[in-house]
Amino acid sequence: MMKSVFLALALLVPSFAFAAGGNVHLDKANYDLTDKASLQNGAKLFMNYCFGCHSTQYQRYNRVAEDLAIPVKLMEENLIFTGVKSGELMENAIQEKDAAKWFGAPAPDLTLVARVRGADWIYTYLRSFYVDETRPFGVNNKVFPSVGMPHVLQELQGVPNAVYETEMIDGEEHHVYRGIESDGSGEMSDDEFDNAVLDLVNFLVYSAEPVQLERKRLGYWVLGFLFIFFIISYLLKREYWRDVH
11 MMKSVFLALA
21 LLVPSFAFAA
31 GGNVHLDKAN
41 YDLTDKASLQ
51 NGAKLFMNYC
61 FGCHSTQYQR
71 YNRVAEDLAI
81 PVKLMEENLI
91 FTGVKSGELM
101 ENAIQEKDAA
111 KWFGAPAPDL
121 TLVARVRGAD
131 WIYTYLRSFY
141 VDETRPFGVN
151 NKVFPSVGMP
161 HVLQELQGVP
171 NAVYETEMID
181 GEEHHVYRGI
191 ESDGSGEMSD
201 DEFDNAVLDL
211 VNFLVYSAEP
221 VQLERKRLGY
231 WVLGFLFIFF
241 IISYLLKREY
251 WRDVH
């Protein structure tokens, strides 16, 4: 299992290491792993818009269904598109050679992307596509310049355009990037789209560490035990050394 995790990290790092996007500010992703509705919507968005190319092959459908309170039957009917059983790993059907041909490189597995890049990076990246007719898919990305991925969420957001303002700096005109603006043709408003992306990020954070909440819960118990053990140890130490002093 550990070898598989290290292999996943090794595959992801080359694909994302150069994608920091220079000095682009990363927006804060205020995700909430206790929000089951957000996680369920994030799973739906991922399976419908991302899973065609990106897998989360270190997860199982039935584990996701259990953790996110999704009935297994509902998962099988609506979120499994490859014809496998719910106990199988979440692998998509795209062939690596086809992905390399279409996008220039195989689409990376996203099980651990939230741990590799961070939630803020993913949140900003998915909201930073803009029209660029020089690119093969007609879009570029401020966080990941020269991206080889289409803007798969465009039907939700609408056509995104980069907004610049002209400012005088040291007596010269400079075009300063101010953000992304949709043309309003999407199915969602700007706020709805941001919330949808946040739900997707929430799901990817969960995917990267499904036991995160349990780990934190157990951590409080461990710290409590160590605190009580410290007090007992200190009292024993005083008792044993009382006659010596």
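Residues 11 to 255, numbered by our numbering, are exactly what the sequence shown covers, in order. Glycine is no exception: its CB is placed at the ideal position from the N, C-alpha and C atoms.
Coarse secondary structure for residue 96, derived from DSSP in three states:
As a position in the sequence shown, residue 96 is number 86, starting the count at 1. If DSSP states are grouped into helix, strand and coil, residue 96 belongs with coil.
Return the Cβ separation of residue 109 and residue 117 in integer angstroms, given the expectation that the two are a contact with Cβ distance under 8 Å.
Numbered from 1 along the sequence shown, position 99 holds the residue referred to as residue 109. Numbered from 1 along the sequence shown, position 107 holds the residue referred to as residue 117. The pair is a contact, with the Cβ atoms about 5 Å apart (cut-off 8 Å).
What number of angstroms, rounded off, separates the C-alpha of residue 202 from the C-alpha of residue 208?
Counting from 1 along the sequence shown, the entry for residue 202 is found at position 192. Counting from 1 along the sequence shown, the entry for residue 208 is found at position 198. If I take the Cα positions, the gap works out to 10 Å.
Closest Cα partner of residue 92 within the set 85, 84, 103:
Against the sequence shown, residue 92 aligns to sequence position 82. Taking only the C-alpha atoms, the option nearest residue 92 is 103.
Express the C-alpha separation of residue 229 and residue 31 in angstroms, rounding to a whole number.
Residue 31 sits at position 21 when you count from the first residue of the sequence shown. Residue 229 sits at position 219 when you count from the first residue of the sequence shown. Model confidence at residue 31 stands at a pLDDT of 49, short of 50, so the residue's coordinates are unreliable; what they give is reported in the following sentence. So the alpha carbons of these two residues sit roughly 35 Å apart.
Is the distance from the Cβ of residue 130 to the Cβ of residue 64 below 8 Å?
Position 120 of the sequence shown, counted from the first residue, corresponds to residue 130. Position 54 of the sequence shown, counted from the first residue, corresponds to residue 64. No, Cβ-Cβ distance for residue 130 and residue 64 is not below 8 Å.
Rounded to whole angstroms, what is the Cα-Cα separation between residue 246 and residue 240?
Position 236 of the sequence shown, counted from the first residue, corresponds to residue 246. Position 230 of the sequence shown, counted from the first residue, corresponds to residue 240. Straight-line Cα distance between these residues: approximately 10 Å.
Helix, strand or coil at residue 216 according to DSSP, with G and I counted as helix:
Translated into the one-based positions of the sequence shown, residue 216 becomes position 206. Helix.
Buried/exposed call for residue 231, threshold 16 Cβ in 10 Å:
For this step, residue 231 is matched to residue 221 along the sequence shown. With fewer than 16 other Cβ atoms within 10 Å, it is exposed.
For residue 252, is the classification buried or exposed, using 16 other Cβ atoms within 10 angstroms of its Cβ as the cut-off for buried?
As a first step, residue 252 must be located in the sequence shown, where it is residue number 242. Residue 252 should be labelled exposed.
Other residues of its chain near residue 158: CB distance less than 6 Å, five sequence neighbours each side excluded
Here residue 158 refers to the residue found at position 148 when the sequence shown is read from its first residue. Around residue 158: 113, 114.
Please report the distance separating the alpha-carbon of residue 257 from that of residue 122.
No information on residue 257 is available, as it lies outside the stretch 11 to 255 that the chain covers here.
Mind checking residue 248: buried by the 16 CB within 10 Å criterion, or exposed?
Stepping through the sequence shown from its first residue, residue 248 is reached at position 238. Counting Cβ neighbours within 10 Å, residue 248 comes out exposed, since fewer than 16 surround it.
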